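Worksheet: the structure to be examined is printed underneath.
Number of protein chains: 2
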Amino acid sequence: MSANQQLLNNIAIVLLNPKYPENIGSAARAAWNMGITRIIVVGDEYPDHTRMAKLATHNAAHLLDKMEFHENLPDALAPFSQVIGTTARRGRQRIPAKSPRIIVENILPLLPENEVAFLFGPEDSGLSSEALQYCQQTSAIPTADFSSLNLAQAVSIHCYEIFHAVVHEQKEPLPAYKIANSRETENMFHHLDRTLSHIDFLKEKSHDYYMRNIRQFLGKVQMSAKETSLVRGICRQFIANAKQK
Amino acid sequence: MSANQQLLNNIAIVLLNPKYPENIGSAARAAWNMGITRIIVVGDEYPDHTRMAKLATHNAAHLLDKMEFHENLPDALAPFSQVIGTTARRGRQRIPAKSPRIIVENILPLLPENEVAFLFGPEDSGLSSEALQYCQQTSAIPTADFSSLNLAQAVSIHCYEIFHAVVHEQKEPLPAYKIANSRETENMFHHLDRTLSHIDFLKEKSHDYYMRNIRQFLGKVQMSAKETSLVRGICRQFIANAKQK
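Chains as they are written, first to last, in our numbering: chain A, -11 to 233; chain B, -11 to 233.
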């Protein structure tokens, strides 16, 4: 195994509310083919193992054994410093989607020191705007008009692009730098939210609108954990110095 | 539809002896998602339509209606000027396999004026050496060790690379030049075979060995139809001037 192949351990496929356990199995098999072994499922209940295993086939069965399960998305995403939302809809969402090839180029420098999640929505509806708020980038596979890629195909093409760039193109070992994970940035956003609400910058009507803009703006900056602490320190100071209510 | 998207009409997915009609359906759906609509099946009997249609889904059902069926491979490949054999085995075959991305780069300049086939073998065994003889290039998808891509996934990733290069990267309209099709090169090989046997260069024991080498060598040259005629003219002349037997 090359040094770069080990970087694949820093990548996870996160499936949000998949409807059919079979699709989890197919997705696991597709990921395994490209050296990616970490599958995380977020849903209301643990998916049926037999139905998953049938399509994982014996090749990828061990991925299901160590599969992570979470009941809510923020918990599932906590360790990840970069979350890529995958979507079929191009041009309509707030963060313009890029092709998987460009996305993988973007995350390459992060891989040695950070964990990266590729987030896939339910088969029928895809990722909601709420789920997309946790994503720093969105990826859309270029397809013909009126196409309909299934979940396993979307996972397969993303994992193929990852393997191609990380292992097949055999780049030199990548330089390393570490950025904040989702838990740390979410804590910062909560702190900002509290602070901006406290000083009445965020009001009930415009609260979501402004917070979305702030999340987007700061999402583009790859902040270190230290920088998120700095922002929180500033928030604390603001609150301490604000008028009593 | 962009000018380049129309070039996808010059590409066909050829499935040699697929075992399960369902996989033809999945492959058709994968091709359709990437704007490729020409499916050719080579086999002993016409595959069960209901079983194919189930996995093609309504999106790609019309591809099955116009699907071509042949009982032998040379007939199926006749119109194609370039045949790409797809294989999971790397490094063991006579023509070293390239990645689909490199293959697609190679065929791009051919697309405006020539038809190109991507040939996929049966699910379990892949393409035989005999089938690989009709291929000018071989393509292997980079994967992790011990992976097992299914037929539809292999078709999907090849079609994705094609769509990405031909349509998504929106190249300028490609310059055009026409090369010989498989019928024309096969006729030339038959003529060469006859001629070389006539002058006792090809003997029973070494016949296959030398013909394979000649096919490989000439397969690398992208000959025009006129050049294949030239070779045949030379063959004719050789035979006319050879000693009577």
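We put the CB at the ideal spot given by N, CA and C, even for glycine.
Note that the structure is a prediction, hence the values are computed from the model and not measured.
Neighbourhood of residue i by C-beta distance below 7 angstroms, restricted to the same chain and skipping five residues each side
{"i": "PHE57/B", "result": "VAL29 and TYR34"}
{"i": "ASP36/A", "result": "PRO9"}
{"i": "ALA230/A", "result": "HIS186 and ILE187"}
{"i": "LEU61/A", "result": "LEU4, VAL30, ALA119 and TYR122"}
{"i": "ARG224/B", "result": "none"}
{"i": "ALA85/A", "result": "THR75, ARG78, THR126, SER127 and ALA128"}
Rounded Cβ spacing between residue i and residue j (contact assumed at less than 8 angstroms)
{"i": "LEU162/A", "j": "PRO97/A", "result": "6 angstroms"}
{"i": "PRO88/B", "j": "GLU157/B", "result": "Between GLU157/B and PRO88/B the Cβ distance is about 15 angstroms, and since that is not below 8 angstroms, they are no contact."}
{"i": "LEU4/A", "j": "LEU115/A", "result": "7 angstroms"}
{"i": "ARG171/B", "j": "ALA66/B", "result": "4 angstroms"}
Separation of residue j from residue i, as counted between CA atoms
{"i": "GLY31/B", "j": "GLU111/B", "result": "13 angstroms"}
{"i": "ALA49/B", "j": "ASN11/B", "result": "13 angstroms"}
{"i": "SER217/B", "j": "ILE202/B", "result": "17 angstroms"}
{"i": "ASN94/B", "j": "ALA44/B", "result": "30 angstroms"}
{"i": "LEU190/B", "j": "ASP181/B", "result": "8 angstroms"}
{"i": "ASN21/B", "j": "GLN204/B", "result": "34 angstroms"}
{"i": "LYS54/B", "j": "ARG17/A", "result": "32 angstroms"}
{"i": "SER136/A", "j": "GLY23/B", "result": "11 angstroms"}
{"i": "SER127/B", "j": "THR173/A", "result": "43 angstroms"}
{"i": "LEU107/A", "j": "GLN121/B", "result": "43 angstroms"}
{"i": "ALA164/B", "j": "GLU101/B", "result": "6 angstroms"}
{"i": "PHE226/A", "j": "GLU192/A", "result": "20 angstroms"}
{"i": "ALA76/A", "j": "CYS147/B", "result": "17 angstroms"}
{"i": "HIS178/A", "j": "ILE145/A", "result": "35 angstroms"}
{"i": "ASN169/A", "j": "LEU206/B", "result": "56 angstroms"}
{"i": "ALA19/B", "j": "ARG200/A", "result": "38 angstroms"}
{"i": "PHE68/B", "j": "GLU160/B", "result": "24 angstroms"}
{"i": "VAL92/A", "j": "ALA64/A", "result": "21 angstroms"}
{"i": "GLU59/B", "j": "GLU59/A", "result": "53 angstroms"}
Neighbour-count burial assignment, residue i, 16 or more Cβ in a 10 Å radius
{"i": "GLN125/B", "result": "buried"}
{"i": "LYS214/B", "result": "exposed"}
{"i": "SER234/B", "result": "This structure cannot settle anything about residue 234/B, because the visible part of chain B is limited to -11 through 233."}
{"i": "HIS152/A", "result": "buried"}
{"i": "ALA140/B", "result": "buried"}
{"i": "SER194/B", "result": "exposed"}
{"i": "ILE90/A", "result": "exposed"}
{"i": "SER113/B", "result": "exposed"}
{"i": "MET(-11)/A", "result": "At MET(-11)/A the pLDDT is 49, less than 50, meaning the model places this residue with poor confidence and gives no usable figure here."}
Best match in the options for proximity to residue i [C-alpha to C-alpha]
{"i": "ILE222/B", "options": "GLN204/B, THR183/B, PHE189/B and GLY207/B", "result": "THR183/B"}
{"i": "ALA228/A", "options": "GLU160/A, HIS186/A, GLN121/A and GLU93/A", "result": "HIS186/A"}
{"i": "ASN138/B", "options": "VAL154/B, SER217/B and GLY109/B", "result": "GLY109/B"}
{"i": "SER212/A", "options": "THR131/A, ILE167/A, ALA230/A and SER69/A", "result": "ILE167/A"}
{"i": "GLY73/A", "options": "LYS191/A, GLU160/A and ALA142/A", "result": "ALA142/A"}
{"i": "GLN210/B", "options": "HIS179/B, MET55/B, GLN70/B and HIS46/B", "result": "GLN70/B"}
{"i": "ARG39/A", "options": "PRO6/A, LYS191/A, MET22/A and SER113/A", "result": "PRO6/A"}
{"i": "ASN47/A", "options": "ASN(-2)/B, ASP133/B and VAL155/B", "result": "ASP133/B"}
Cβ shell of residue i (< 6 angstroms), same chain only, five flanking positions each side left out
{"i": "VAL219/B", "result": "MET176"}
{"i": "ASP196/B", "result": "none"}
{"i": "ILE27/B", "result": "ILE1, ALA16, LEU51 and MET55"}
{"i": "VAL155/A", "result": "ASN(-8) and GLN(-7)"}
Contacts around residue i, its chain only, beta-carbon distance under 8 angstroms, and the 5 residues preceding and following it disregarded
{"i": "PRO130/A", "result": "SER87"}
{"i": "LYS42/B", "result": "GLU10 and GLY13"}
{"i": "ILE(-1)/A", "result": "ILE24, ARG26, LEU99, GLU103, VAL104, ALA105, PHE106 and ILE150"}
{"i": "TYR198/A", "result": "LEU184, PHE189 and LEU190"}
{"i": "LYS208/A", "result": "GLN124"}
Residue i beta carbon near the ligand GDP (any heavy atom closer than 7 angstroms)
{"i": "ILE95/A", "result": "Looking for the ligand GDP in the displayed structure turns up nothing, as the structure carries no ligands at all."}
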